[in-house]
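The structure appears right after this line, and notes come after that.
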Amino acid sequence: ANVVEHTFNVGNLTVQRLCGQQVVTAVNGMLPGPTVKIHEGDKLIVHVHNHSPYNMTIHWHGIFQLQTGWADGPAYITQCPITPGNSYTYKFNVTGQEGTLWWHAHVSVLRATVHGALIILPRRGRSYPFPKPYKEIPIILGEYWDADIMEVERQALATGGGPNISDAYTINGQPGDLYPPCSSNYTYKLDVVKGNTYMLRIINAALNNQLFFKLAGHRFKVVSIDSSYTDPYDTDVIVVAPGQTTDALFTANQPIGDYYMAASAYSSAPGLQFANGTTTGIVRYKGATSAKPLMPIQPAANDTITAHRFYSNLTSLVTGPHWLPCPIDIDDQMFVTIGLGFAPCGGNNNCSNPVLGSQYRFAASMNNVSFQFPSRLSMLEAFHFGVNGIYTEDFPNRPPIVFDYTNTALSLNIPLVMTTKATRVKKVKYNATVEMVLQNTALLSIENHPMHLHGYDFYVLAQGFGNFNRTRDSKKFNLYNPQERNTIAVPVGGWAVIRFRANNPGVWFMHCHLDVHLPWGLATAFVVENGPTPETSLLPPPPDLPQC
Ligand code: C2O
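For the sequence shown, the positions run -1, 1 to 547 when mature numbering (1 follows the signal peptide of the UniProt record, and there is no 0) is used.
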């Protein structure tokens, strides 16, 4: 295997955006950070040096990390953070997957500015299962605060409310023409030649919003999501949740001119619109004389119908190079609720909450448990060395409390909305097949939660609205060509059913990829036992693994 090696220097970077200036944490002085490109079958080595004032870890979002859980990156799950002034080298093989993924900080809120594209090309000598595009371009959608984001998060957690809404969405780090005038000189531009086909590798790196993405005058053909090939899907709009990626082809087949690409929020919670403007980039045809670009018409921020149509119409390319059939027999069947809740403020007197007032702060939970991060040892070390007391293997410990989401009377029932703090994991035998029903609750409000599982791709069998009903809804399961993802946007006030085969030993985090929902507790982990052979077991930790 070829080895691809990178060095990431994490440190302060002063950036100009929205007519202002901010010091942000960034990799190699770039926002977004460097693109990492490898071929399937290669080994990736990344030396991370933390020159920033904050704790740091890097997560390789969507990479399986077969046997190399030590390189996965979530703080306190698979490693303790790299403290300021220290280093850690991530080493892993990339096999069995290709397409677009990304890397990001996995500690506090720093992934807002510490992120970049991770592109896995087909194995050397192989090609795409579609005609090779003329050019491939990462399109990283992000969010920008004209403020210190560490302070934004600190305030949200200390006060028990939600974080401030960002000041702009961004395309490849830039807000674009529709935000205040200073933005327009830096608007992201893509030059195209009429007649050629381009592949956009779209990544949603935003903290808090799903996004609708369009390109005026053009249609897309989606060919891959979360580094899994799809049946080609023709659409004029792409919907992408934080954590997800979408590879989409478009052909420059329109009259020579300038066209806006645009991203705006899909904000699913009824009555709570977190939307904040529209970010734009420009596709410029060769030979165009600069005129005003054509602007696409974005879906309304609450357009759940469009979002659901996109999300539920995708299917896997079963003739693709890494496709494996979906397991039919299930060893572990789980039913788990996800949603918001409250936790007591305790002695904190800055704490209060816009809904219940001064005694409670916002919390979030899976099955009414708010995940509590360990602090003295990573969970993966506890697993590997057999250390007790870091987590308990009793998730889910009791049937969840499920609500009919139309029953608003339940949503402010104090005893029901209180969550329990614990570090509960689900233990799974090596190679077991797991099915998980993710059911949104209607506590406080309903919202579409993008649930991400580390270490695996899972099959999405079905998704729908209301309460899951096995007799009725199992008839809708797609077992033939279900889409494969690492992040599923569970429909607002609804459910999704996923399956995976636990063939990767270690501790694998699962959580909502809306950023603040993680410290609020919308998470759990799978502890997957080692297999029968050394090749099916977790490797020992690298010598430079950071310690708490
Ligand atoms: Cu992209 Cu656990 O995260």
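Positions of the beta carbon are idealized from the N, C-alpha and C atoms, including for glycine.
Sheet register partners of residue i (DSSP bridge)
i, result
"C325", "In the DSSP output, where bridge partners are listed per residue, C325 has none listed."
"R283", "D190, D257"
"C511", "M450"
"D331", "V433"
"D246", "R200, S223"
"H114", "H103"
"P137", "R200"
"K42", "V2, N92"
"Y228", "S223"
"N11", "T24"
Check: residue i C-beta below 7 Å from any heavy atom of the ligand C2O
i, result
"G242", "yes"
"F508", "yes"
"P324", "no"
"H451", "yes"
"P481", "no"
"P73", "yes"
"H448", "no"
"H516", "no"
"H321", "no"
"H60", "yes"
"H5", "no"
"H512", "yes"
Cβ-heavy atom distance, residue i to the ligand GTP, below 7 Å
i, result
"H105", "What this structure holds is the ligand C2O, not the ligand GTP."
Residue closest to residue i, alpha-carbon to alpha-carbon, out of the options
i, options, result
"L316", "G194, Q154, F129, Y455", "F129"
"V436", "L415, E446, D456, A461", "A461"
"E142", "I37, P395, T112", "T112"
"P70", "Q96, L43, N54, S51", "Reading off the sequence, residue 70 comes out as Ala, not Pro. The candidate whose alpha carbon is nearest that of A70 is L43."
"Y479", "D393, P326, G95, T470", "P326"
"T419", "V433, T523, N477", "T523"
"V106", "Y265, Q64, E152", "E152"
"P449", "D147, D302, A205", "A205"
"I202", "L117, G10, N195", "L117"
"R498", "E135, T535, D328", "D328"
"L17", "S183, A363, G338", "S183"
"V424", "V506, D145, Y178", "V506"
"L443", "S364, H46, T535, A146", "S364"
"V108", "F372, Y265, M55", "M55"
"Q96", "E528, Y455, P540", "Y455"
"G286", "A441, E39, I255", "I255"
"G84", "S51, G68, N366", "S51"
"G175", "G270, M294, A247", "M294"
"residue 548", "Y53, G124, G68", "Look at the range of the chain in this structure, -1 to 547, and you will see that residue 548 is not part of it."
"S126", "E39, V491, V386", "E39"
Short Cβ contact (8 Å threshold) for residue i with residue j
i, j, result
"I119", "L100", "yes"
"Y185", "G276", "no"
"H5", "P31", "no"
"F309", "T234", "yes"
"W102", "V35", "yes"
"L189", "G280", "yes"
"T77", "L538", "no"
"T486", "H516", "no"
"T229", "Q482", "yes"
"Y75", "I136", "no"
"A362", "V427", "no"
"V489", "P395", "no"
"R484", "S86", "no"
"H58", "P73", "yes"
"A104", "N195", "no"
"I237", "T245", "yes"
"M260", "L210", "no"
"A441", "V368", "no"
"L313", "V221", "yes"
"C547", "L339", "no"
"V282", "Y429", "no"
"D145", "G28", "no"
"D330", "V433", "yes"
"Y359", "P343", "yes"
"N447", "V496", "no"
Can you check the segment 421 to 468 for any alpha helix (DSSP H) of at least 4 residues that lies completely inside it and give the ranges in chain order?
Listed in chain order, nothing qualifies, since the segment 421 to 468 has no complete alpha helix (DSSP H) run of 4 or more residues.
Which parts of the segment 150 to 211 are runs of the beta strand (DSSP E), unbroken and 3 residues or longer, counting only runs that do not cross its ends?
167 to 170, 188 to 191, 196 to 203
Quick one: complete alpha helix (DSSP H) runs, 4+ long, within the segment 376 to 402?
378 to 384
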